[in-house]
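Asker:
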Amino acid sequence: MCGLSVKPSPVRFNHLLLLSLVILLDSKAQQTELEWISYPPNGWEEISGLDENYTPIRTYQVCQVMEPNQNNWLRTNWIEKGNAQRIFVELKFTLRDCNSLPGVVGTCKETFNLYYQETDSEVGRSLRENQYVKIDTIAADESFTQGDLGERKMKLNTEVRIIGPLSRRGFYLAFQDVGACIALVSVKVYYKKCWSIIENLATFPDTVTGSEFSSLVEVEGMCVSDAEEEAENSPKMHCSAEGEWLVPIGKCICKAGFHQKGDACEPCGRGFYKSSSQDLQCSRCPAHSFNDREGSWRCDCEDGYYRALSDPPSVACTRPPSAPQNLVYNINQTTVSLEWSPPADTGGRNDVTYRVICRRCSWEPEECVPCGPNVGYSPAQSGLVDTYVTILDLLAHANYTFEVEAVNGVSDLSRTQRLFAAVSIATGQAAPSQVSEVIKEKVQQRSIQLSWQEPHQPNGVITEYEIKYYEKDQKDRIYSTVRSKSTSATVNNLKPSTAYVFQIRHFCLSECPSVCVFVSVSISSAAIVSSEQNPVIIIAVVAVAGTIILVFMVFGFIIGRRYALAVKFPGTKTYIDPETYEDPNRAVHQFAKELDASCIKIERVIGAGEFGEVCSGRLKLPGKRDVSVAIKTLKVGYTEKQRRDFLCEASIMGQFDHPNVVHLEGVVTRGKPVMIVIEYMENGSLDGFLRKHDGQFTVIQLVGMLRGIAAGMRYLSDMGYVHRDLAARNILVNSNLVCKVSDFGLSRVIDDDPEAVYTTTGGKIPVRWTAPEAIQYRKFTSASDVWSYGIVMWEVMSYGERPYWDMSNQDVIKAIEEGYRLPAPMDCPPGLHQLMLDCWQKDRAERPKFDQIVGILDKMIRNPNTLKTPVGTCTRPISPLLDQSTPDFTAFCTVGEWLEAIKMERYRDNFTAAGYSSLESVARMSIEQACISSLMYNFTVSLLLS
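FYI, the numbering for the sequence shown is -29 to -1, 1 to 917, going by mature numbering (1 follows the signal peptide of the UniProt record, and there is no 0).
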């Protein structure tokens, strides 16, 4: 055994897997003596050897096969485990075939034992067998003979064992030989961890994997420098048992003044800014602004330019406008009208308004004072949008100066001299004051009577009043006039339901000017109509009209509802195979809605799929409330074929719309990770749900579940879609126990059991669920889906038991070919088992259609006696259950007895009131009629849930 040269069989390693290993011990890497403890001393022997690359290595060998009762122990040095809880031990060894050893009689072994001992520190060189815990007995897959040794063809065995969970600081490994001829070539001890990573601007530290094979360790990420967590979405990732990081949840974003570059946040450069963390990139400073520092969230304005407090940082800096142009005036005694043109320069803003400053000046130059509150401005003194104003109530024979200034949002921030247009005016004789308190005295259908108060300062004897009026919305403003000697007047010939503007002025003797100021009032004549009508008549007419409309609405609703419920429109939609598209992306976008990734919030990882992780989360679309969804993600590093296969399922699901088929919400193809978003089914897959609630449902409830699955398959069959993989594991259950068909991939690995599939040309088939013609000839049709549905029935009635139990796939195929069919599960009614046998007819033409199956299950729900139908032979073409004739009610005399038998006697009055007084009338009632009838609805629901 000395001087062994080993030539191992080639072993391929996953590069990513190697990166996740933390080596605690590697005997092959040590060039000096290992100095492990051997007991007894003449047992295991440390030997120098060469590996497959002829590199010197240290090995331990033992070959005491000629002596009986061997008990040779070899113990490693103390191994400190760090934070690891699950330890992997990889052993590489060669072992001599006992048959090749001459003279050995019954004492040679071809195995050895592996042990470990947990300690918090080294325990010295003593070795006590009773302190060690056995890990496993190690056997060789291949052994060598003396002839192999001569040809230097040593066969290297590699075995990996797992220890854990460990709780102390370290441990020892021990190897027990009980009479084998063995060489321990190398011992490698390691654990797995997820190495630190930066993802979505969050740092995730080195994380040791969990103690269980299926455990996921949730890790909180820490934002990188100059980044912050996205609102209500802190970064998280999960470290898998294999040392791989799973799909990230949440993220960090760069703060204001910083932008993302790779896995870091860098400051915005000079001349750039970023005002919010929600912005993706830095932007160049807007016009007339600058910054001379890095990491700015805004830019400063140049001299002479300003930014209003309400302006966002993205708005250019602006300045006050120039002075208004072409200021002109018109004076009428003590009233002045001003008009002007807009400024030549608005300062770069569109919020320009105008304000007027009035000063009364003495005859001495530069002695002016503000006009005071007695002066009026029409329409206003400041905030003017139009370029004109009228100044009222000025003093007679006085000098005035008026300044008109254009202002905008930054005028008050400017420190420069303000620009304005000015004009000086001398008033003449004082104008009389205007009339006041215009009152509507009487409003009739086509006329209105007005009254008003005399002016307080008429400046003379008033001779008469003039009333001008016009339609308020009239563009041309065609005036009509009425004159009156008194302070009231009646205006006739008005249009009903029309708004009018009335202006009143007065005339006086020669000392009073003939043109005086108007006072305007807007009056609508809409009220004229109602004021002259009889309220009782109006109320009566409205009431009668409303009643007639209501009756027609109710009548139309009832008729429409009955028509909608009674008439079944044939489906016209046909399934389109996405494979027929030259560009698969076109199929995805035709049948699946593209979602914005920002509308999806991933909350937790709930499992692993064929292409990546499966998560649960929330979907919030604009204008809709958020809903719970399941999210399938495509793992990083995918190929284009994997992406196409992943999205193929969405192209299929997007074509379906049925309450018993899982609903596709949409896809995310324009971001990472690529996602398929579907409705969330709270109770998961049907097989696991049934195993969890074994024996907790009534037969009628189970039949109700089967009815939902059959209805979904009927819909798919009508569309021309063949599922190919109908099984309880591919049926999902929501919180209301509604079963929905899912998983629309055409070929996939079933669980992790290689026995679950039968490989043929063109893909893998789930043998236990597949019809014989589909296995042998790959003939997939709706009839083969019916065979699979029969298996699903068996799974449901057996609460998730494995079809054909522990039989191999070849045994299943052979048994079915010889006519064997699954027996009825425990407590399964004969009628249901007979339906299963009908689904398993060898001739696919003799199997029932899904439409017939739905009808049979409806009949079972409506008439539980059908469940007791005696078992027939499965060789006849069609089962009695497929006969749509009247159910057998011979066991009952009255409807009441039948209701008592199914524990629904509380609905006796409902049946009587609905006209079902005899068993014959009940037998003629279809399940659709039962659902439509409002009196029967509660009965149907109670029957399904009881």
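Backbone N, C-alpha and C fix where the C-beta goes; we use that ideal spot for every residue, glycine too.
Note that the coordinates shown come from a computational prediction; the quantities given were computed from them, not determined experimentally.
1. Could you tell me which residues DSSP pairs with L45 in its beta bridges?
2. Less than 8 Å between the CB atoms is what I'm expecting for V414 and V360, so what's the real figure, rounded?
3. Strictly by DSSP, which residues pair up with F243?
4. Would you call the CB atoms of V638 and I649 closer than 7 Å?
5. With 16 as the cutoff for other CB atoms within 10 Å, does S92 come out buried or exposed?
6. State the DSSP-derived secondary structure class of T372, mapped to helix, strand or coil.
7. How should W811 be labelled, buried or exposed, when 16 other C-beta atoms within 10 angstroms of its C-beta is the threshold for buried?
8. Checking 7 Å against the spacing of the C-beta atoms, do V218 and E584 come in under that value?
9. What do you get for residue 920, buried or exposed, if any count of 16 or more other CB atoms within 10 angstroms of its CB means buried?
10. Which first and last residues belong to the beta strand (DSSP E) in which T107 is found?
11. Span of the beta strand (DSSP E) holding F59?
12. Using the DSSP secondary-structure output, state which residues sit across from C710 in a beta bridge.
13. Quick one, are the C-beta atoms of P292 and V340 less than 7 Å apart?
14. From the DSSP output, which residues share a beta bridge with R326?
15. So, does the region 44 to 59 touch the region 132 to 145, judging by three or more C-beta pairs under 8 Å?
16. Are the region 62 to 75 and the region 39 to 50 touching by the rule of at least three beta carbon pairs closer than 8 Å?
17. Figure out for me which residue from Q474, L144 and C253 has the closest Cα to the Cα of residue 918.
18. So A294 packs on K222, CB below 8 Å; how close in whole Å?
19. Out of D554, S182, P426 and K711, point me to the one whose CA is closest to V763's CA.
20. So what's R685 in DSSP terms, helix, strand or just coil?
21. Taking 7 Å as the threshold (C-beta atoms), are A698 and W758 in contact?
22. Near Y236, which residues of its chain fall below 8 Å by C-beta distance, leaving aside the five closest residues on each side in sequence?
23. Look at the Cβ atom of A621, then the Cβ atom of V693, and state whether they are nearer than 7 Å.
24. How should N43 be labelled, buried or exposed, when 16 other C-beta atoms within 10 angstroms of its C-beta is the threshold for buried?
25. What is the rounded straight-line gap between the Cα of S769 and the Cα of V75?
26. Please identify the residue among S211, E189, K595 and G578 whose C-alpha is closest to the C-alpha of S205.
27. Does the distance between the C-beta of P292 and the nearest non-hydrogen atom of the ligand NAD fall short of 6 Å?
28. Count the other CB atoms, across all protein chains shown, that sit within 10 Å of the CB of V156; report buried if there are 16 or more and exposed otherwise.
29. Would you say Y103 and L144 are within 7 Å of each other, going by their C-beta atoms?
30. So, helix, strand or coil for E122, using DSSP?
31. Exposed or buried, what is L618 when buried is set at 16 or more other beta-carbons lying within 10 Å of its beta-carbon?
32. With I220 and I573 assumed to form a contact (beta carbons below 8 Å), what rounded beta-carbon distance in angstroms separates them?
33. Check whether the region 673 to 682 touches the region 600 to 613, taking contact to mean three or more Cβ pairs, one atom from each stretch, closer than 8 Å.
34. Look at the Cβ atom of R700, then the Cβ atom of S755, and state whether they are nearer than 7 Å.
35. Given a threshold of 16 other Cβ atoms within 10 Å of its Cβ, counted over all protein chains shown, does G790 qualify as buried or as exposed?
36. Go ahead and pull the three-state DSSP assignment for S759.
Answerer: Based on what the coordinates show:
1. S9 and F146
2. Actually they do not touch by this definition, with Cβ atoms about 34 Å apart.
3. R255
4. no
5. exposed
6. strand
7. buried
8. yes
9. In the structure as shown, the chain begins at -29 and stops at 917. Residue 920 is therefore absent and cannot be evaluated.
10. For the record, residue 107 in the displayed sequence is Asp; it is not Thr. From DSSP, the beta strand (DSSP E) with D107 extends over V104 to A110.
11. I58 to L66
12. V704
13. no
14. E376
15. yes
16. no
17. Here the chain has residues from -29 to 917 only, and residue 918 is not among them.
18. No, A294 and K222 are not in contact; Cβ-Cβ is about 54 Å, not under 8 Å.
19. K711
20. helix
21. no
22. Before going further, note that residue 236 is Cys rather than Tyr in the sequence given. Counting only Cβ-Cβ distances below 8 Å, and skipping sequence neighbours, we find L172, V195, S196, D197, A198, C225, K226, F229 and H230.
23. no
24. buried
25. 55 Å
26. E189
27. By its list of ligands, the structure shown contains no ligand whatsoever, and the ligand NAD lies outside what it can speak to.
28. buried
29. no
30. A caution first: E122 carries a pLDDT of 44, below 50, which makes its placement in the model unreliable, though a value can still be read off. Correct three-state label for E122: coil.
31. buried
32. 5 Å
33. no
34. no
35. exposed
36. helix
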